[in-house]
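What follows is a single structure, written as structure tokens, with notes after it.
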Amino acid sequence: MKQEHPFAQYVRILGKGKSGTRSLTREEAADAMGMILDDQVRPEQLGAFLMLLRVKEEAPEELAGFADAVRTRFKTPDSLVVDLDWSTYAGKKRRHPWFLLAALCLATHGYRVFMHGAHGHTPERIYTEDMLPLFGLAGCQDWEQVEAELAAKNFAFMSIDQLCPPLGEIIQLRSVLGLRSPVHTLCRMLNPLHARCSVDGVFHPPYGPMHQKTAQLLGFERNLTIKGDGGEAEAKPDGESVLQWVVDGQLEETEWPRIAERRFVKEDPLDPALIREVWCGTAEHAYGQLAIRSTLALMLKLLGADEGLDTQGLLNKADQLWNSRVVDQFL
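Sequential numbering of the sequence shown, starting at 28, is according to the working numbering.
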């Protein structure tokens with residue numbers, strides 16, 4: 028009799044039927060993801076595992092276990108300290124990635140920002156990594172380069188392909204499986220440099236509390252999940268943004284107000300060069316500048332730089348930061 032593959036138990040747990048299926052424990056999830064990262068899983072097992080998780084919807088304990096496995100195998104330097112971890116995995120389809128300008132603005136004011144993401148997994152989207160050359164930046168290939176970029180510019184980006192290559196490969200399976208897998212969620216929750224503050228975005232409302240509880244399980248000190256534009260961590264100026272917070276282990280849900288008087292029409296096609304022109308001040312964009320303003324204000328609150336300010340006070344402070352940004356730092 029042929030011996031059962033060690034990974035088969037985890038497929039069985041997830042696919043045993045309506046009455047028999049359950050979520051993995053954190054320990055089981057860590058073991059399962061460890062086997063995946065160690066290339067000990069057959070392709071058909073991986074596909075079944077990912078899609079069964081997708082149908083069931085991943086649990087916070089599972090995501091925390093997956094993150095445990097990644098952290099055990101892909102170590103990061105203890106000497107690297109950043110103020111803000113910013114994940115960007117969705118890509119933009121109907122709007123420009125204005126959040127990138129908010130991150131760069133923070134960097135010019137001394138905040139150390141580490142951004143990580145993926146690109147190319149979904150057609151007709153603008154990805155952060157592809158925008159970096161417009162600002163004299165490139166994705167970092169190793170942690171030494173991250174350290175150098177942070178020292179020089181207070182900003183560094185690393186692709187998941189370098190951060191954790193097996194996860195980068197799984198993300199690209201979207202075109203094969205036809206759906207995004209739970210790995211897209213996992214990558215958002217990695218916070219590889221253990222930043223005190225972290226931010227991520229979701230598109231589907233049920234994922235917000237899932238991210239929030241995962242961040243709590245992983246011990247994040249200050250985490251913000253934004254139901255923002257296009258699934259990225261970007262406030263929608265012409266609509267309310269639902270916010271899930273973790274602050275010192277406590278969970279809170281709030282709503283960030285719209286700051287635009289009217290709804291804006293979606294843009295098509297998108298010209299990526301426009302965001303550089305707005306950064307330089309050679310072009311104006313009504314929606315974009317409001318999105319930057321609102322996102323910056325939220326980041327100030329996340330970073331604890333709000334000084335007790337109300338929403339309008341935060342928006343005013345965001346205006347001050349934007350108007351005094353060091354444009355030449357990213358040209």
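All C-beta atoms, glycine included, are put in the ideal place defined by N, C-alpha and C. No experiment lies behind these values; they were computed from the predicted model shown.
Delimiting residues of the alpha helix (DSSP H) encompassing residue i
| i | result |
| --- | --- |
| Cys214 | 209-215 |
| Trp349 | 338-350 |
| Asp58 | 53-64 |
| Trp125 | Premise fails: Trp125 is in no alpha helix (DSSP H) and is neither H nor E. |
| Arg201 | 201-204 |
| Glu89 | 87-100 |
| Lys120 | Lys120 -> no alpha helix (DSSP H), and no H or E assigned at all. |
| Arg303 | 300-307 |
| Gln36 | 35-41 |
Inter-residue spacing [alpha-carbon to alpha-carbon] between residue i and residue j
| i | j | result |
| --- | --- | --- |
| Leu51 | Gln243 | 18 Å |
| Gly195 | Met62 | 16 Å |
| Asp333 | Gln316 | 20 Å |
| Pro209 | Val274 | 25 Å |
| Pro193 | Phe141 | 21 Å |
| Leu245 | Thr309 | 43 Å |
| Arg121 | Gly266 | 15 Å |
| Val108 | Gln189 | 19 Å |
| Arg53 | Ala86 | 9 Å |
| Glu174 | Ser46 | 50 Å |
| Thr252 | Asp66 | 31 Å |
| Leu358 | Gly255 | 27 Å |
| Ala260 | His146 | 16 Å |
| Thr155 | Thr115 | 7 Å |
| Ala57 | Glu304 | 45 Å |
| Arg81 | Glu31 | 24 Å |
| Gln239 | Leu297 | 32 Å |
| Asn350 | Glu88 | 43 Å |
| His354 | Ala178 | In the sequence on display, residue 354 carries Val and not His. Taking the straight line joining both Cα atoms gives about 17 Å. |
| Glu176 | Met185 | 11 Å |
Nonlocal neighbours in the same chain, by C-beta distance under 6 Å from residue i, ignoring five residues either side
| i | result |
| --- | --- |
| Phe76 | Val38 |
| Asp79 | The sequence given here places Leu at residue 79; Asp does not occur at that position. Here the set comprises Leu41, Gly42. |
| Trp306 | Leu128 |
| Ala165 | Leu159 |
| Asn250 | Ser225, Ala242, Val273 |
| Pro264 | Ile286, Ala287, Leu317, Ala318, Ser321 |
| Asn181 | Ala134, Arg139 |
| Glu280 | Gln271 |
Short Cβ contact (8 Å threshold) for residue i with residue j
| i | j | result |
| --- | --- | --- |
| Arg223 | Glu248 | yes |
| Ile197 | Gly144 | no |
| Leu323 | Leu301 | no |
| Gln356 | Thr135 | yes |
| Leu90 | Thr241 | yes |
| Ser225 | Asp112 | yes |
| Ala117 | Phe230 | yes |
| Ala94 | Leu278 | no |
| Leu327 | Ala313 | no |
| Ala183 | Ala262 | no |
| Trp170 | Thr103 | yes |
| Val68 | Phe101 | no |
Close Cβ partners of residue i (< 8 Å) along its chain, the five nearest in sequence each way excluded
| i | result |
| --- | --- |
| Leu299 | Note that residue 299 corresponds to Pro in the displayed sequence, not to Leu. Counting only Cβ-Cβ distances below 8 Å, and skipping sequence neighbours, we find His123, Ile153, Asp157, Met158, Leu161. |
| Leu204 | Gly74, Leu77, Met78 |
| Gly163 | Phe357, Leu358 |
| Leu342 | Ile286, Arg320, Ser321, Ala324 |
N-terminal and C-terminal residue of the beta strand (DSSP E) that residue i is part of
| i | result |
| --- | --- |
| Gln239 | That residue, Gln239, is in no beta strand (DSSP E); its alpha helix (DSSP H) goes 234-244. |
| Asp227 | 224-229 |
| Phe435 | In this structure the chain extends from 28 to 358, so residue 435 is not present and cannot be described. |
| Lys328 | Careful: Lys328 lies outside any beta strand (DSSP E), inside the alpha helix (DSSP H) at 313-329. |
| Glu279 | 277-283 |
| Gly74 | Taken as a continuous stretch (DSSP letters only), Gly74 belongs to no beta strand (DSSP E), being part of the alpha helix (DSSP H) at 70-83. |
| Asp112 | 111-115 |
| Val274 | 268-274 |
| Val140 | 140-144 |
| Lys254 | 249-254 |
| Ala178 | It is not in any beta strand (DSSP E) - Ala178 instead sits in the alpha helix (DSSP H) that spans 170-180. |
Cβ neighbour criterion (16 or more within 10 Å) applied to residue i
| i | result |
| --- | --- |
| Asp295 | exposed |
| Gln168 | exposed |
| Gly335 | exposed |
| Lys293 | exposed |
| Arg49 | exposed |
| Lys97 | The sequence shown places Val at residue 97, rather than the Lys named in the question. Looking at its Cβ environment, which holds 16 or more other Cβ atoms inside 10 Å, Val97 is buried. |
| Leu220 | buried |
| Ala59 | buried |
| Pro70 | exposed |
| Pro232 | exposed |
| Glu28 | Inspection of the sequence shows that residue 28 is occupied by Met rather than by Glu. Its Cβ having fewer than 16 others within 10 Å, Met28 is exposed. |
| Gly92 | buried |
| Leu131 | buried |
7 Å CB neighbourhood of residue i in its chain, flanking five on each side removed
| i | result |
| --- | --- |
| Pro284 | Glu267, Thr338 |
| Thr149 | Gly118, Arg201 |
| Gly258 | Ala117, Gly228, Val229, Phe230 |
| Glu151 | Lys120 |
| Gly235 | Val229, Thr252, Lys254, Val269, Gln271 |
| Cys191 | Val97, Phe101 |
Residue i Cβ short of 7 Å to the ligand GDP heavy atom set
| i | result |
| --- | --- |
| Gln356 | Of the ligands one can find in the structure shown there are none, so the ligand GDP has no counterpart to examine. |
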